[in-house]
Amino acid sequence: MATPIPAKGHYDIGFLLLPGFSQLAFSSALEPLRMANHLADRTLYTWHLVSRDGGAVSASSGLSTPVNQALEPMPALDLLLVCGGVEVQRYDDRATLAWLRRLADRRIPLGAVCTGGYVLALAGLLDGYRCTLHWEHMSSLHEAQRFPGVTFTSQLFVMDRDRYTCSGGIAPLDMMLNLIGRQQGLALAESIAEEFIHERIRGVGDRQRTPLRVRLGHSHPKLEEVANLMEANLHELLGLDELASYAGLSRRQLERLFQRYVGCPPLRFYLELRLARARLLLLQTHMPITEVAMACGFVSPPHFTKCYHDYFGHSPSSERKRRHDRQADLLEATMHEVGEPLLDESGDLDERGDKEVRP
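Adding 96 to a residue's 1-based position in the sequence shown gives its number in the numbering used here.
Rendered as structure tokens:
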């Protein structure tokens, strides 16, 4: 449960923009504050955009956003939100991490949007807290077990004492509407939602991933049950007879159900779930390709490489190389902007040990 930010007439909110931040997530957090001021016809919120050195920051879209100030002098804030985005796993700017710890020492509430929660966790500021970040990064954090002291959830947003974290996209809009509702009253929050044509203010109980029944395009309960079983067992696979038995179906009934509603056999759907998980692990972790294959239920690396190439059109090692190229481009752009890297250069960009396994 959130510890309310002390009630008062005016709040100062800081936004720390990281290189490659999500413009959509950032705007979704900022715009409710602007609209609150507009509808109240007075200044309820003031916002401060912060970067490491006070220079403009490039978003993942390539758009450059000017900021108000650098890390120092430290602003007087009621809340600071870290705005993350792409390639956040390689972020390791020690000066910024130390600055965040100093804010925490001053008892300034901290939060994050999109992948900004990863940076708070990296700074050790989410140990003992519940938090969330974009669903694409959940599987890689689970596999890597990098932050054992942090409880990650799949909620849309989490308000745990003085930590406010949310996933990406427009989820920050809901978190900020909840925060405004607590500080200024529900009527104002609902008016902001109406202005933004936001049908419903989602709460802390809402989940961020689209339910399988929506992704599948229908709500057949047996099909959803089997799909959920598959998603929960990507490492140790269940056989077709086991899946049918759990759902109270015969094998033939299960096959007909998938063919009618999904357009493919159940094992093909199972394979696509495993390949999608493998792609996330390749893009978001440094796990060797052999370990990725095992984690996603493939009996051998050659079999994994063949299935991956057949589905995505390129090999797992090519997928890794594309990630490295993007990281190099981001690093070059960051060095050009500030004259020194904000990303840790100690990582092995060559991924030694991840040699391509050919079928």
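Beta carbons: idealized from backbone N, C-alpha and C, even for Gly. These numbers come from a predicted model, not from an experiment.
Exercise for the section: Give me the Cα-Cα distance between Tyr214 and Leu173, rounded to the nearest whole angstrom. Expected result: Residue mapping note: residue 214 aligns to position 118 of the sequence shown, counting from 1. Residue mapping note: residue 173 aligns to position 77 of the sequence shown, counting from 1. In a straight line, the C-alpha of Tyr214 is about 21 angstroms away from that of Leu173.
Handout entry: Meets three-Cβ-pair contact criterion under 8 angstroms: the stretch 239-258 and the stretch 217-231
Key = yes
Exercise for the section: Sort out for me which residues DSSP pairs Ala208 with in a bridge. Expected result: Here residue 208 refers to the residue found at position 112 when the sequence shown is read from its first residue. Answer by DSSP bridge pairing, in chain order: Val178, Thr261.
Problem - For Arg138 and Leu112, the rounded distance between their alpha carbons - result: As a working note, residue 112 is residue 16 in the sequence shown. As a working note, residue 138 is residue 42 in the sequence shown. Cα to Cα, the separation comes out at about 25 angstroms.
Exercise for the section: With DSSP as the reference, label Leu378 as helix, strand or coil. Expected result: By one-based count along the sequence shown, residue 378 stands at place 282. In this structure, Leu378 counts as helix in the three-state DSSP scheme.
Practice task
Classify Tyr187 as helix, strand or coil using the three-state DSSP reduction.
Solution key: Residue mapping note: residue 187 aligns to position 91 of the sequence shown, counting from 1. Tyr187 falls in the strand class under three-state DSSP.
Practice task
Give the secondary structure of Gly213 by DSSP, where H, G and I count as helix, E and B as strand, and everything else as coil.
Solution key: Along the sequence shown, read from residue 1 onward, the residue named residue 213 stands at position 117. Three-state DSSP puts Gly213 in a helix.
Handout entry: Residue environment, Tyr141, which counts as buried when at least 16 other CB atoms sit within 10 Å
Key = The residue you call residue 141 lines up with position 45 of the sequence shown. It counts as buried.
Exercise for the section: In angstroms with no decimal places, state the Cα-to-Cα distance between Ile276 and Leu284. Expected result: Counting from 1 along the sequence shown, the entry for residue 276 is found at position 180. Counting from 1 along the sequence shown, the entry for residue 284 is found at position 188. Taking the straight line joining both Cα atoms gives about 8 angstroms.
Handout entry: Contact belief for Leu333 with Leu369 at Cβ below 8 angstroms, rounded distance in angstroms
Key = As a working note, residue 333 is residue 237 in the sequence shown. As a working note, residue 369 is residue 273 in the sequence shown. Actually they do not touch by this definition, with Cβ atoms about 10 angstroms apart.
Exercise for the section: Please name the residue, chosen from Leu345, Thr401, Thr386, Tyr407, that lies closest to Phe365 on a Cα-to-Cα basis. Expected result: In the sequence shown, counting from the first residue as 1, residue 365 sits at position 269. If we check each option's Cα against that of Phe365, Tyr407 comes out closest.
Handout entry: Distance, Ala194 Cα to Ile457 Cα
Key = The requested residue 457 does not occur in the structure, where the chain is confined to residues 97 to 455.
Exercise for the section: Please work out which residues of its chain come closer than 7 angstroms, Cβ to Cβ, to His294, disregarding the five sequence neighbours upstream and downstream, and give them in chain order. Expected result: Here residue 294 refers to the residue found at position 198 of the sequence shown. The answer, listed in chain order, is Leu269.
Exercise for the section: Go ahead and label Tyr107 buried or exposed: buried means 16 or more other beta carbons lie within 10 angstroms of its beta carbon, across all protein chains shown. Expected result: As a first step, residue 107 must be located in the sequence shown, where it is residue number 11. Under this definition Tyr107 is a buried residue.
Practice task
Measure from the alpha carbon of Arg278 to the alpha carbon of each residue in Met255, Ser263, Gly264, Cys262, then state which is nearest.
Solution key: One-based indexing of the sequence shown puts residue 278 at position 182. The shortest Cα separation from Arg278 among Met255, Ser263, Gly264, Cys262 belongs to Met255.
Practice task
Take every Cβ of the stretch 177-184, pair it with every Cβ of the stretch 113-123, and state whether three or more of those distances are shorter than 8 angstroms.
Solution key: yes
Handout entry: Continuous alpha helix (DSSP H) stretch holding Gln117: start and end
Key = Here residue 117 refers to the residue found at position 21 when the sequence shown is read from its first residue. Reading off the sequence shown, one finds Phe at residue 117, where the question assumed Gln. No alpha helix (DSSP H) holds Phe117; DSSP gives it neither H nor E.
Handout entry: Neighbour flag for Tyr141 against chain C, beta carbons, 7 angstroms
Key = Structure shown: chain C not included; a single protein chain is present.
Exercise for the section: Report the three-state DSSP secondary structure of Cys227 (helix, strand or coil). Expected result: Within the sequence shown, numbered from 1, the residue matching residue 227 stands at position 131. In this structure, Cys227 counts as strand in the three-state DSSP scheme.
Exercise for the section: Look at Ser287 and Leu135 and say whether their C-beta atoms are less than 7 angstroms apart. Expected result: Against the sequence shown, residue 287 aligns to sequence position 191. Against the sequence shown, residue 135 aligns to sequence position 39. Result yes, Cβ atoms of Ser287 and Leu135 sit closer than 7 angstroms.
Practice task
Assign His80 to one of two classes, buried (16 or more other C-beta atoms within 10 Å of its C-beta) or exposed (fewer than that).
Solution key: Missing from the structure shown is residue 80; the chain here goes from 97 to 455 and no further.
Handout entry: Status (buried if at least 16 other CB within 10 Å, exposed otherwise) for Asn274
Key = The sequence position of residue 274 within the sequence shown is 178, counting from 1. Buried is the call here.
Practice task
Excluding the 5 residues preceding and the 5 following Asn133 in the sequence, name in chain order all residues of the same chain whose CB lies nearer than 7 angstroms to its CB.
Solution key: Start at 1 with the first residue of the sequence shown, and residue 133 comes out as number 37. Cβ within range, chain order: Thr139, Leu140, Tyr141.
Problem - Rounded separation between Ile109 and Leu282 - CA only - result: As a position in the sequence shown, residue 109 is number 13, starting the count at 1. As a position in the sequence shown, residue 282 is number 186, starting the count at 1. Answer to the nearest angstrom: the Cα atoms are 20 angstroms apart.
Practice task
With Gly277 as the anchor, note down where its alpha helix (DSSP H) starts and where it stops.
Solution key: Your numbering for residue 277 matches position 181 in the sequence shown. Counting along the chain, the alpha helix (DSSP H) containing Gly277 begins and ends at 267-280.
Handout entry: Three-state class that DSSP yields for Met255 in the structure shown
Key = In the sequence shown, residue 255 corresponds to position 159, counting from 1. If DSSP states are grouped into helix, strand and coil, Met255 belongs with the strands.
Practice task
Throw me the rounded Cβ distance for the Gln165 and Gly150 pair, which I believe falls under 8 angstroms.
Solution key: Locating residue 165 in the sequence shown gives position 69, where the first residue counts as 1. Locating residue 150 in the sequence shown gives position 54, where the first residue counts as 1. Yes, they are in contact, since the Cβ atoms of Gln165 and Gly150 sit about 6 angstroms apart, within 8 angstroms.
Problem - First through last residue of the beta strand (DSSP E) which encompasses Asp108 - result: Taking the first residue of the sequence shown as position 1, residue 108 is located at position 12. Segment 107-113, the beta strand (DSSP E) holding Asp108.
Exercise for the section: Kindly indicate which three-state DSSP category Leu333 falls into: helix, strand or coil? Expected result: Within the sequence shown, numbered from 1, the residue matching residue 333 stands at position 237. Leu333 falls in the coil class under three-state DSSP.
Practice task
Consult DSSP for Val322 and reduce its assignment to one of helix, strand or coil.
Solution key: Position 226 of the sequence shown, counting from 1, holds the residue named residue 322. Correct three-state label for Val322: helix.
Handout entry: Pairwise C-alpha distance: Met390 and Gly212
Key = As a first step, residue 212 is located in the sequence shown; it is residue number 116 there, counting from the start. As a first step, residue 390 is located in the sequence shown; it is residue number 294 there, counting from the start. The alpha-carbon atoms of Gly212 and Met390 are separated by roughly 29 angstroms.
Handout entry: Boundaries of the alpha helix (DSSP H) in which Val388 is found, first to last residue
Key = Walking along the sequence shown from the start, residue 388 turns up at place 292. Segment 385-391, the alpha helix (DSSP H) holding Val388.
Practice task
Specify the secondary structure class of Gln165 as computed by DSSP and reduced to three states.
Solution key: Residue numbering aside, residue 165 sits at position 69 when the sequence shown is read from its first letter. If DSSP states are grouped into helix, strand and coil, Gln165 belongs with the strands.
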